[in-house]
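Novice: The working numbering applies: residue 1 is where the sequence shown begins, and numbers increase by one. All residues carry an ideal CB built from backbone N, CA and C; glycine is no exception. Here it is, the structure in full.
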Amino acid sequence: MTTPIDLDKLDLAALLCSRVCHDVISPVGAIVNGLEVLDDEDDPAMKAFALDLIAKSAKQASARLQFARLAFGAAGSAGAQIDTSEAEKVARGFIEDDRTRLSWGLPRVLAPKNKVKLLLNLLIVATSTIPRGGHMSVEATGEGDEGGLRLMTEGGYSRIPPHLVELLNGGAPEGGALDAHAIQPHYTGLLARATGYGFDLVHEGERVTIRVERV
1 MTTPIDLDKL
11 DLAALLCSRV
21 CHDVISPVGA
31 IVNGLEVLDD
41 EDDPAMKAFA
51 LDLIAKSAKQ
61 ASARLQFARL
71 AFGAAGSAGA
81 QIDTSEAEKV
91 ARGFIEDDRT
101 RLSWGLPRVL
111 APKNKVKLLL
121 NLLIVATSTI
131 PRGGHMSVEA
141 TGEGDEGGLR
151 LMTEGGYSRI
161 PPHLVELLNG
171 GAPEGGALDA
181 HAIQPHYTGL
191 LARATGYGFD
201 LVHEGERVTI
211 RVERV
(Lines of atoms letter the chains of each structure in order from A and count residues from 1; the text may use other names and numbers.)
(Lines give C-alpha, C1' and ligand atoms only; values in the text may rest on other atoms or scores of the structure.)
Protein backbone atom coordinates (compact mmCIF):
# COMPACT_ATOMS: atom_id res chain seq x y z
CA MET A 1 0.00 0.00 0.00
CA THR A 2 1.33 3.44 -0.99
CA THR A 3 1.94 5.84 1.90
CA PRO A 4 0.98 9.35 0.71
CA ILE A 5 3.51 12.15 1.10
CA ASP A 6 2.31 15.27 2.89
CA LEU A 7 5.00 17.75 1.81
CA ASP A 8 5.01 21.36 2.93
CA LYS A 9 5.06 23.87 0.06
CA LEU A 10 8.24 25.46 1.39
CA ASP A 11 9.94 22.06 1.51
CA LEU A 12 8.80 21.34 -2.06
CA ALA A 13 10.26 24.65 -3.26
CA ALA A 14 13.52 24.05 -1.37
CA LEU A 15 13.95 20.53 -2.74
CA LEU A 16 13.24 21.62 -6.32
CA CYS A 17 15.84 24.39 -5.95
CA SER A 18 18.31 21.80 -4.66
CA ARG A 19 17.58 19.64 -7.71
CA VAL A 20 18.27 22.51 -10.12
CA CYS A 21 21.47 23.41 -8.26
CA HIS A 22 22.57 19.76 -8.43
CA ASP A 23 22.15 19.82 -12.22
CA VAL A 24 24.17 22.99 -12.82
CA ILE A 25 26.86 22.84 -10.15
CA SER A 26 29.04 20.37 -12.07
CA PRO A 27 29.43 22.43 -15.29
CA VAL A 28 29.75 25.67 -13.32
CA GLY A 29 32.49 24.08 -11.21
CA ALA A 30 34.26 22.98 -14.41
CA ILE A 31 34.15 26.59 -15.66
CA VAL A 32 35.78 27.76 -12.43
CA ASN A 33 38.47 25.08 -12.76
CA GLY A 34 39.15 26.12 -16.34
CA LEU A 35 39.54 29.76 -15.33
CA GLU A 36 42.00 28.77 -12.60
CA VAL A 37 44.08 26.86 -15.16
CA LEU A 38 44.15 29.94 -17.41
CA ASP A 39 45.41 32.01 -14.47
CA ASP A 40 48.07 29.55 -13.33
CA GLU A 41 49.38 27.96 -16.54
CA ASP A 42 51.73 29.31 -19.19
CA ASP A 43 51.70 26.15 -21.28
CA PRO A 44 49.77 26.87 -24.53
CA ALA A 45 48.44 23.32 -24.65
CA MET A 46 47.03 23.60 -21.13
CA LYS A 47 45.50 26.98 -21.93
CA ALA A 48 43.84 25.52 -25.02
CA PHE A 49 42.50 22.62 -22.93
CA ALA A 50 41.15 25.08 -20.35
CA LEU A 51 39.41 27.20 -22.99
CA ASP A 52 37.79 24.10 -24.49
CA LEU A 53 36.65 22.99 -21.03
CA ILE A 54 35.17 26.41 -20.31
CA ALA A 55 33.33 26.54 -23.65
CA LYS A 56 31.84 23.05 -23.30
CA SER A 57 30.89 23.56 -19.66
CA ALA A 58 29.29 26.95 -20.32
CA LYS A 59 27.19 25.40 -23.10
CA GLN A 60 26.15 22.56 -20.79
CA ALA A 61 25.26 24.90 -17.93
CA SER A 62 23.19 27.07 -20.28
CA ALA A 63 21.34 24.03 -21.65
CA ARG A 64 20.52 22.77 -18.17
CA LEU A 65 19.27 26.18 -17.02
CA GLN A 66 17.10 26.62 -20.12
CA PHE A 67 15.62 23.17 -19.51
CA ALA A 68 14.98 23.94 -15.83
CA ARG A 69 13.25 27.20 -16.73
CA LEU A 70 10.58 25.28 -18.64
CA ALA A 71 10.52 22.07 -16.59
CA PHE A 72 10.40 23.64 -13.12
CA GLY A 73 9.88 27.39 -13.60
CA ALA A 74 6.76 29.50 -14.05
CA ALA A 75 7.28 29.81 -17.84
CA GLY A 76 4.57 32.43 -18.32
CA SER A 77 1.33 33.33 -16.59
CA ALA A 78 -1.38 30.94 -15.44
CA GLY A 79 -3.06 29.30 -18.41
CA ALA A 80 -0.11 30.08 -20.68
CA GLN A 81 0.77 27.85 -23.62
CA ILE A 82 4.24 26.79 -24.75
CA ASP A 83 5.42 25.94 -28.25
CA THR A 84 6.46 22.29 -28.30
CA SER A 85 9.35 23.18 -30.62
CA GLU A 86 10.86 25.15 -27.73
CA ALA A 87 10.37 22.12 -25.49
CA GLU A 88 12.15 19.96 -28.07
CA LYS A 89 15.07 22.38 -28.26
CA VAL A 90 15.67 22.46 -24.50
CA ALA A 91 15.10 18.70 -24.21
CA ARG A 92 17.77 17.93 -26.81
CA GLY A 93 20.21 20.31 -25.12
CA PHE A 94 19.61 18.67 -21.75
CA ILE A 95 19.47 15.00 -22.75
CA GLU A 96 21.54 14.36 -25.86
CA ASP A 97 25.22 13.58 -25.47
CA ASP A 98 27.70 10.99 -26.70
CA ARG A 99 25.72 8.23 -24.89
CA THR A 100 22.06 9.17 -25.31
CA ARG A 101 19.95 9.98 -28.40
CA LEU A 102 16.45 11.45 -28.47
CA SER A 103 13.85 10.85 -31.19
CA TRP A 104 11.13 13.49 -31.03
CA GLY A 105 7.82 12.45 -32.56
CA LEU A 106 5.54 15.22 -31.29
CA PRO A 107 3.91 17.72 -33.66
CA ARG A 108 4.67 21.40 -33.31
CA VAL A 109 1.73 22.93 -31.44
CA LEU A 110 0.99 25.37 -28.67
CA ALA A 111 0.33 23.13 -25.66
CA PRO A 112 -0.85 23.94 -22.12
CA LYS A 113 2.04 24.99 -19.90
CA ASN A 114 1.63 22.25 -17.31
CA LYS A 115 1.38 19.53 -19.95
CA VAL A 116 4.71 20.70 -21.41
CA LYS A 117 6.22 20.75 -17.92
CA LEU A 118 4.91 17.22 -17.42
CA LEU A 119 6.49 16.11 -20.70
CA LEU A 120 9.90 17.56 -19.80
CA ASN A 121 9.82 15.99 -16.35
CA LEU A 122 8.84 12.66 -17.88
CA LEU A 123 11.95 12.89 -20.06
CA ILE A 124 14.06 13.21 -16.90
CA VAL A 125 12.26 10.19 -15.46
CA ALA A 126 12.92 8.30 -18.70
CA THR A 127 16.68 9.01 -18.50
CA SER A 128 16.75 7.24 -15.13
CA THR A 129 15.65 4.01 -16.85
CA ILE A 130 18.81 3.89 -19.01
CA PRO A 131 21.63 4.72 -16.55
CA ARG A 132 24.33 3.94 -19.13
CA GLY A 133 22.66 5.77 -21.98
CA GLY A 134 20.84 4.54 -25.04
CA HIS A 135 17.97 5.65 -27.23
CA MET A 136 14.90 7.55 -26.06
CA SER A 137 11.77 8.38 -28.05
CA VAL A 138 8.63 10.37 -27.30
CA GLU A 139 5.39 10.49 -29.27
CA ALA A 140 1.79 11.60 -28.86
CA THR A 141 -1.11 9.20 -28.35
CA GLY A 142 -4.45 10.65 -29.34
CA GLU A 143 -4.96 14.19 -30.54
CA GLY A 144 -5.15 17.67 -29.08
CA ASP A 145 -4.72 18.79 -25.49
CA GLU A 146 -6.56 15.69 -24.22
CA GLY A 147 -4.16 13.26 -25.90
CA GLY A 148 -1.56 11.29 -24.01
CA LEU A 149 2.14 10.55 -24.37
CA ARG A 150 4.30 7.47 -24.87
CA LEU A 151 7.99 7.48 -24.01
CA MET A 152 10.26 4.53 -24.77
CA THR A 153 13.87 3.95 -23.79
CA GLU A 154 16.27 1.26 -24.94
CA GLY A 155 19.74 0.60 -23.61
CA GLY A 156 21.99 -1.75 -21.74
CA TYR A 157 21.16 -2.17 -18.05
CA SER A 158 17.69 -0.68 -18.59
CA ARG A 159 15.49 -0.77 -15.50
CA ILE A 160 12.66 0.82 -13.59
CA PRO A 161 14.49 2.33 -10.60
CA PRO A 162 13.38 1.26 -7.12
CA HIS A 163 10.51 3.35 -5.72
CA LEU A 164 10.07 5.24 -9.01
CA VAL A 165 6.46 4.13 -9.55
CA GLU A 166 5.67 4.79 -5.90
CA LEU A 167 7.12 8.30 -6.11
CA LEU A 168 5.23 9.05 -9.34
CA ASN A 169 2.02 8.01 -7.62
CA GLY A 170 2.64 10.32 -4.66
CA GLY A 171 3.97 7.71 -2.26
CA ALA A 172 6.87 7.93 0.15
CA PRO A 173 10.23 6.28 -0.65
CA GLU A 174 11.88 3.86 1.75
CA GLY A 175 12.51 5.74 4.98
CA GLY A 176 9.66 8.15 4.25
CA ALA A 177 11.78 11.21 3.42
CA LEU A 178 12.30 12.98 0.09
CA ASP A 179 15.67 14.27 -1.04
CA ALA A 180 16.80 16.34 -4.04
CA HIS A 181 16.90 13.18 -6.17
CA ALA A 182 13.49 11.79 -5.20
CA ILE A 183 11.74 15.16 -5.47
CA GLN A 184 11.81 15.12 -9.26
CA PRO A 185 9.62 12.01 -9.83
CA HIS A 186 7.38 13.20 -6.97
CA TYR A 187 6.99 16.56 -8.73
CA THR A 188 6.28 14.74 -12.01
CA GLY A 189 3.44 12.93 -10.28
CA LEU A 190 2.09 16.22 -8.94
CA LEU A 191 2.05 17.64 -12.47
CA ALA A 192 0.32 14.53 -13.81
CA ARG A 193 -2.44 14.65 -11.22
CA ALA A 194 -2.87 18.41 -11.68
CA THR A 195 -3.40 17.88 -15.43
CA GLY A 196 -5.53 14.74 -15.10
CA TYR A 197 -3.05 12.09 -16.25
CA GLY A 198 -1.96 8.71 -14.92
CA PHE A 199 1.10 6.50 -15.52
CA ASP A 200 1.81 2.98 -16.72
CA LEU A 201 5.43 1.75 -16.78
CA VAL A 202 6.49 -1.53 -18.38
CA HIS A 203 9.99 -3.06 -18.52
CA GLU A 204 10.60 -5.68 -21.21
CA GLY A 205 14.15 -6.79 -22.01
CA GLU A 206 16.19 -3.67 -22.72
CA ARG A 207 13.12 -1.47 -23.26
CA VAL A 208 11.09 0.59 -20.80
CA THR A 209 7.79 2.07 -21.95
CA ILE A 210 6.08 4.90 -20.09
CA ARG A 211 2.46 5.53 -21.10
CA VAL A 212 0.65 8.63 -19.89
CA GLU A 213 -3.10 8.76 -20.43
CA ARG A 214 -6.10 10.67 -19.13
CA VAL A 215 -7.67 9.26 -16.00
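1) Counting Cβ pairs, one atom from each stretch, are 3 or more of them under 8 Å apart for the region 149-156 and the region 166-185?
2) Tell me which residues share the same chain as residue 46 and place their Cβ nearer than 8 Å to its Cβ, disregarding the 5 neighbours each side in the sequence.
3) What's the call for residue 115, buried or exposed, on a 16-neighbour Cβ count within 10 Å?
4) Name the two residues that bound the continuous alpha helix (DSSP H) containing residue 186.
5) By Cβ distance, which residues of its chain are closer than 7 Å to residue 167, with the 5 residues on each side in sequence left out?
6) Would you give the residue range spanned by the beta strand (DSSP E) that residue 85 belongs to?
7) Assign residue 6 to one of two classes, buried (16 or more other C-beta atoms within 10 Å of its C-beta) or exposed (fewer than that).
8) Please state whether the Cβ-Cβ distance between residue 71 and residue 117 is less than 7 Å.
9) Just verifying my parser: in three-state terms, what is the DSSP assignment at residue 160?
10) Residues in the same chain with beta-carbon distance under 7 Å from residue 214, minus the five sequence neighbours each way, listed in chain order, please.
11) Rounding to the nearest angstrom, what Cα-Cα distance links residue 41 and residue 31 in this structure?
Specialist: Walking through what the data contain:
1) The region 149-156 makes no contact with the region 166-185, as fewer than three CB pairs between them are under 8 Å.
2) Excluding the 5 residues flanking it on each side, residue 46 has same chain C-beta neighbours closer than 8 Å at 37, in chain order.
3) With 16 or more other Cβ atoms within 10 Å, it is buried.
4) First-last of the alpha helix (DSSP H) with residue 186: 183-195.
5) Excluding positions up to five away in sequence, the list reads 173, 182, 185, 186, 189.
6) From DSSP, residue 85 is part of no beta strand (DSSP E) but of the alpha helix (DSSP H) over 84-95.
7) It counts as exposed.
8) Yes, these two residues count as a Cβ contact at 7 Å.
9) Coil.
10) Its chain contains 146, 148, 196, 197 as the residues whose beta carbon lies nearer than 7 Å to that of residue 214, once the 5 sequence neighbours on both sides are disregarded; these appear in chain order.
11) Rounded to the nearest angstrom, the two C-alpha atoms are 15 Å apart.
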